[in-house]
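Written below as structure tokens is the structure these notes are about.
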Amino acid sequence: MGERGMVTVALSKAGRTKIRYPADVVADTGDRITVRAPWAADGVRDFGFVRFEPGDVFTEHFWRTRWYAIKEVRTGAGVLKGWYCDVTRPAVVEDGEIRVADLDLDLWVSADGSSVLRLDEDEFEASGLAGTDPEAAAEAVRALDALERQALAPSGLPALLT
3 MGERGMVTVA
13 LSKAGRTKIR
23 YPADVVADTG
33 DRITVRAPWA
43 ADGVRDFGFV
53 RFEPGDVFTE
63 HFWRTRWYAI
73 KEVRTGAGVL
83 KGWYCDVTRP
93 AVVEDGEIRV
103 ADLDLDLWVS
113 ADGSSVLRLD
123 EDEFEASGLA
133 GTDPEAAAEA
143 VRALDALERQ
153 ALAPSGLPAL
163 LT
């Protein structure tokens, strides 16, 4: 995939597509592909710790070899809200599409780093992945732990994006 152009991001969960949206390719290193897209869902989504809303811009980093994606979230005016990290299987990039399989675990890191929240661990348990694919479940837990360690480190999550 080249340095610039449009792709479609397709996020699935348990084999079913959750969302598909167009994104502009910002860079592709061969392992990490970075895209930018506006908030793709309808309306406002208030999680309590952050609100995603029309006008927000997501710069999303997907890796072909890592079990996560990191999404930098900014307002339309460019103010950093924070980073939403999805634990996923490594991205598959082909035919103008980035396909990622969501494994339920997530991490939120506020812009100032004061809030680092592990999310959806109950959904992960309920998914049964540990029983159906123990290797993938172990990779998912390792990925969440690694993201949390990096978020709490002095260099923070941006160190993974350089």
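One point on numbering: in our numbering, the residue at position 144 of the sequence shown is 146, and numbering is uninterrupted. Glycine included, every Cβ here is placed at the ideal spot set by N, Cα and C.
The shortest CA-to-CA distance from D58 to any of G84, D106, L121 is the one to G84. Per the coordinates, the alpha-carbon of D114 lies some 14 Å from the alpha-carbon of Q152. As summarised for the segment 83-163, the continuous alpha helix (DSSP H) elements at least 4 residues long and confined to that stretch are 123-129, 131-134, 136-154, given in chain order.
Taking the Cα of V95 as reference, the smallest distance to any Cα among L163, S112, A128, H63 is reached at H63. Closest in alpha carbon position to L149, among A138, L162, A42, A140, is L162. With a cutoff of 8 Å on beta-carbon distance, L159 and V102 are scored as not near each other. Proximity of the segment 73-90 to the segment 48-55 meets the contact definition, three or more beta-carbon pairs being nearer than 8 Å. Taking 8 Å as the upper bound for CB-CB distance, D33 and T67 are in contact here, some 6 Å apart. Under the three-state reduction of DSSP, A43 is assigned to coil, being neither helix nor strand.
For G7, the beta-bridge partners assigned by DSSP are V27.
DSSP, read as helix, strand or coil, puts V81 in coil.
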